[in-house]
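**Q** Residue numbers (the numbering used here): -12 to 109. All residues carry an ideal CB built from backbone N, CA and C; glycine is no exception. Got a structure for you, written out below as structure tokens; questions coming shortly.
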Amino acid sequence: MSVRDKIETVLGPIPAESLGFTLSHEHTSRPPAILHFEYPWHYDMDEIRELGIEELMHAKQGGVDAIIDLSTPDLMRPVHLNMDYARATGVHIVMATGIWREIPRGIRGLPPEEVGELFVRE
-12 MSVRDKIETV LGPIPAESLG FTLSHEHTSR PPAILHFEYP WHYDMDEIRE LGIEELMHAK
48 QGGVDAIIDL STPDLMRPVH LNMDYARATG VHIVMATGIW REIPRGIRGL PPEEVGELFV
108 RE
């Protein structure tokens, strides 16, 4: 499978023809960015995970084979949750990379090459 013939998902690459019916601008269930780190006792991660699985199971039953989660770091990019969701539901999840609107403080001063490396690794 060449690079052009594959799609990167949270569970690894799949053949492009396996993607199926795809919703192209989604955000999976997650706690609010930053707040779940500051106030972990306020968010029940098991409950959030179960909600995400339930939502994607409904989507799968409705004919959705894949979603593209466009969450960026400022929205909390829930890769670990999306991996759980994909395993539990069979829905392929493609994660977006990059940033939206504001450049995060932690990367503002980095040279473009280093920022590029961050995004490629994602």
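#1: Just to confirm my understanding: we take T76, look at its own chain, exclude 5 residues before and 5 after, and list those with CB closer than 7 Å. What are they?
#2: Using only the alpha-carbon positions, how far apart do A53 and E(-5) sit?
#3: Run through the segment -8 to 52 for me and flag every whole alpha helix (DSSP H) of 4 or more residues, listed as ranges in chain order.
#4: Mind checking whether D56 and A83 have CB atoms under 8 Å apart?
#5: What would DSSP say about M70, mapped onto helix, strand or coil?
#6: Along the beta strand (DSSP E) that carries V81, what are the first and last residues, could you check?
#7: Kindly indicate which residue of P2, L(-2), L62 has the alpha-carbon position closest to the one of E89.
#8: Sorted by chain position, which residues of the same chain lie with C-beta nearer than 7 Å to V(-3)'s C-beta, five sequence neighbours on each side aside?
#9: Could you tell me the distance, in whole angstroms, from the CA atom of L94 to the CA atom of R108?
**A** Taking the geometry as given:
#1: I40, L43, M44, K47
#2: 12 Å
#3: 22 to 25, 32 to 48
#4: yes
#5: helix
#6: 79 to 82
#7: L62
#8: V66, N69, M70, A73, I80, M82
#9: Looking at the sequence provided, one finds Ile at residue 94 rather than Leu. Whole-angstrom Cα-Cα distance: 15 Å.
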